[in-house]
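The sequence shown begins at 22 in the working numbering and counts up by one.
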Amino acid sequence: MSIWVMRRKTLLLFSLILLCLSTDSDAQPNPSPREIIGVDRRIDWSQAGIPGSIPNRTAFCATLNPGATAAQINSAIAACPSGQVVFLSAGTYNLSAGIDFAGKSNVTLRGAGPDLTTLVFTGNVNCWGQSASICVRNADLHWIGGPAHSTTWTAGYAKGTTQITLGSTAGLSVGSLLILDQDNDTTDTGGVYVCDTNTACATDTSSSSSSPGRNLNGVDRNQQQFVQVAAIKGTRVTISPGLYMPNWRSSQNPGAWWARTKATLDGIENMTLDHTTGGAKGGILFLNAYKCWVKNVKSLKANRNHVWLYQTARTVVRDTYFYGTQNALALSYGVESFMGSDNLIENNIFQRVTAPVLMGNSSGTVVGYNFFTDHYYDVASWMTTSIDAHDAGTGMNLFEGNEGNGFLEDNIHGSHNFATVFRNQFTGLEPGKRLQTNAIILMAHSRYANIVGNVLGTSGYHTVYEHSQASGHTGSPDKSIYLLGWSGVQGKTAGGMPYDPLVASTLLRWGNFDYVTKQAQWNSAEIPAGNAVPADRTLPSSLYLSSKPKWWGTMPWPAIGPDVTGGQDPSGHVYANPAQVCYNVTPKDSHGILIFNADRCYQQSPPAPRRTSGFNDLPLMPDT
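Listed below in structure tokens is the structure:
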């Protein structure tokens, strides 16, 4: 159900507003984010996703009708010229196998709309060892390195640099997607800490180390960044974007590796995908993919995940509706980012999904303006959070404008650094849930987070501002807005790990409204040592958009924050974002599932303008 109960007239009003023609951006000029968050704690998120926008292809190479088999769809994809569309006309396609792009790039698979074209899977496809309903993969698997395409990284480690030196550039070319990594930390020196070792930083006991990434000489390498090669001169390589993290260093044996090929500019649009009886582990699986997308898709009852961003960069998932799960267990996700950089997960609806957005070791990814409701978990009283940073190596990701129940950085698989949580509404509550009902949970070794301009908690339910070692055991960890630094759930220690005081001492908080103090906190004591206290209380409208996006319509922008007034929550600081309005006004079938088509909710218009880069990043190179 919706976070707020809205009257029929209100729903109608917002429906009309959302469908109205938008005027030019009415956003006021934004103050620089560096006035609040220092350059050492953030990056330029305006480059997330496909540079420019998702291609709008108009040439059709094939049109198929209901009755077409998966093999016929696969053949049409394989034969399609670059930059064209395989179109699935209206109707239901009963597919006994999965769809495989099989290394094909620059093709769009498009239906007539998710309310018109439905693919029902009763089988799946092998996607390099993982089963999926739809597999978008490169032509040959080069999984996490190898002697032919791996090398050392010998110089150029400073945050923001675009110039690095490799041990060899043999087999590397301009336009290649390069993955940079380094050894995990073997000891915690009290700063940025990258670790996936159980008892040291992870509670998972299934193996000694459990996060994705390379392992060299017995050492895991969970911190990664995917970059594009812009120029090569000898062993000196120009990359774009520049380095994100501040802890790259020679002592950690940094290296680089790359796949022989990548799936590029493939898209899936305008259809319903029913995974209920397909037997696949994943719904749509992107593997070794770059600048691909999912748009205006209705995805039903996937198994492990609806979309799997597996070793994938600059891929977009937007304007999509995710419903349900086959198992309601811990391994049940909406969009799972599993090794990647600079992906964009924007303006989606998640309903009855256990863990809607799960972040593996991802960097530079933006999760923006999504709506989450009615999380479905087999422990009925336990609240799973809308967004969860789950695997070791997450860093410099942005979570902006989302409306859901909570944000979590767990320590099941290891440590996290430099998350930015900006202008979200996290209620810390869902109907019937009474355990882990917190708006913000940062577990042990979740450091250097930026929590700015959010609206947190639920009026009449939350009674404690912060449950941390410094604040003491309150006796009500489940009714706390913030749960900070604990290695176990509900304010406990677990897995042999002590409480981590650095979670709280490195946390930057500014301008967050909460329903315990019932006011916004502009507290200099919540600015960590070494960071300037902001000069005033002015917040940017966005940290990655330069102005109101056209698809927003005439609704108030920004929608969430202590500077927002007249909203529909008790504080007046929250308006529904477009994804929530779409959920509220779209009719449902007899099972409570939306009769969804994004084209009826959101304006189709040019992409949102992005903030001008504040870093010395090169423009992204065209693919060759």
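Even glycine gets a Cβ: it sits at the ideal position worked out from N, Cα and C.
Between which two residues does the alpha helix (DSSP H) holding residue i run?
i: residue 616; result: Taken as a continuous stretch (DSSP letters only), residue 616 belongs to no alpha helix (DSSP H), as it is neither H nor E.
i: residue 523; result: 523 to 526
i: residue 261; result: Run containing residue 261: none in the alpha helix (DSSP H); it sits in the beta strand (DSSP E), 257 to 261.
i: residue 100; result: 91 to 100
Count the other CB atoms within 10 Å of the CB of residue i; is the residue buried (16 or more) or exposed (fewer)?
i: residue 571; result: buried
i: residue 267; result: buried
i: residue 429; result: buried
i: residue 477; result: buried
i: residue 288; result: buried
i: residue 75; result: buried
i: residue 302; result: buried
i: residue 310; result: buried
i: residue 275; result: buried
i: residue 81; result: exposed
i: residue 37; result: Low confidence applies here, because residue 37 scores a pLDDT of 38, under 50, leaving its location unreliable and the question unanswered by this model.
i: residue 498; result: buried
i: residue 412; result: buried
i: residue 147; result: exposed
i: residue 49; result: For residue 49, the pLDDT reaches just 34, beneath the cut-off of 50, and the residue's location in the model is therefore unreliable, leaving the point undetermined.
i: residue 250; result: buried
i: residue 442; result: buried
i: residue 555; result: buried
i: residue 130; result: buried
i: residue 351; result: exposed
i: residue 546; result: exposed
i: residue 61; result: exposed
i: residue 43; result: Residue placement at residue 43 cannot be trusted, given a pLDDT of 35 that sits under 50; the coordinates are not used to answer.
Starting from residue i, follow its DSSP beta bridges and name the residues at the other end.
i: residue 502; result: Bridge partners of residue 502: none, in fact.
i: residue 105; result: 128
i: residue 428; result: 408 and 461
i: residue 321; result: 295 and 344
i: residue 276; result: 173 and 202
i: residue 121; result: 156
i: residue 7; result: Since the displayed the chain opens at 22 and closes at 645, residue 7 lies outside it and no answer follows.
i: residue 477; result: 447 and 535
i: residue 326; result: 303 and 354
i: residue 316; result: 290 and 339
Hey, would you say residue i sits closer than 8 Å to residue j, going by beta carbons?
i: residue 583; j: residue 594; result: yes
i: residue 422; j: residue 439; result: no
i: residue 261; j: residue 183; result: yes
i: residue 532; j: residue 541; result: yes
i: residue 329; j: residue 307; result: yes
i: residue 282; j: residue 322; result: no
i: residue 194; j: residue 172; result: no
i: residue 305; j: residue 126; result: no
i: residue 508; j: residue 224; result: yes
i: residue 656; j: residue 347; result: In the structure displayed, the chain extends from 22 to 645; residue 656 sits before or after that span and is not available.
i: residue 333; j: residue 364; result: yes
i: residue 291; j: residue 382; result: no
i: residue 71; j: residue 316; result: no
i: residue 385; j: residue 145; result: no
i: residue 524; j: residue 512; result: no
i: residue 449; j: residue 414; result: no
i: residue 356; j: residue 337; result: no
i: residue 520; j: residue 465; result: yes
i: residue 366; j: residue 342; result: no
i: residue 186; j: residue 256; result: yes
i: residue 615; j: residue 623; result: no
i: residue 318; j: residue 135; result: yes
i: residue 468; j: residue 213; result: yes
i: residue 558; j: residue 472; result: no
What are the boundary residues of the beta strand (DSSP E) that includes residue i?
i: residue 599; result: Residue 599 -> not in any beta strand (DSSP E); alpha helix (DSSP H) instead, spanning 599 to 606.
i: residue 289; result: 288 to 295
i: residue 354; result: 354 to 362
i: residue 142; result: 138 to 142
i: residue 451; result: Careful: residue 451 lies outside any beta strand (DSSP E) and carries neither H nor E.
i: residue 242; result: 240 to 242
i: residue 547; result: First-last for residue 547: undefined, no H or E at that position.
i: residue 235; result: 235 to 237
i: residue 380; result: 376 to 380
Taking only beta-carbon positions, decide if residue i is within less than 8 Å of chain B.
i: residue 621; result: Although the question refers to chain B, the structure presented lacks it and comprises just one protein chain.
Checklist entry - Is the stretch 115 to 127 in contact with the stretch 93 to 103, if contact means three or more CB pairs nearer than 8 Å? => result Contact between the stretch 115 to 127 and the stretch 93 to 103 is present, because at least three Cβ pairs lie under 8 Å.
Checklist entry - Counting Cβ pairs closer than 8 Å, one from the stretch 401 to 412 and one from the stretch 367 to 382, do we hit at least three? => result Enough Cβ pairs lie closer than 8 Å, so yes.
Checklist entry - For the stretch 608 to 625 against the stretch 459 to 470, are there 3 or more C-beta pairs whose distance is under 8 Å? => result The stretch 608 to 625 vs the stretch 459 to 470: no contact.
Next on the checklist: Quick test of the definition: if touching needs 3 or more C-beta pairs under 8 Å, does the stretch 132 to 144 touch the stretch 107 to 121?
Outcome noted: Contact between the stretch 132 to 144 and the stretch 107 to 121 is established, with three or more Cβ pairs separated by less than 8 Å.
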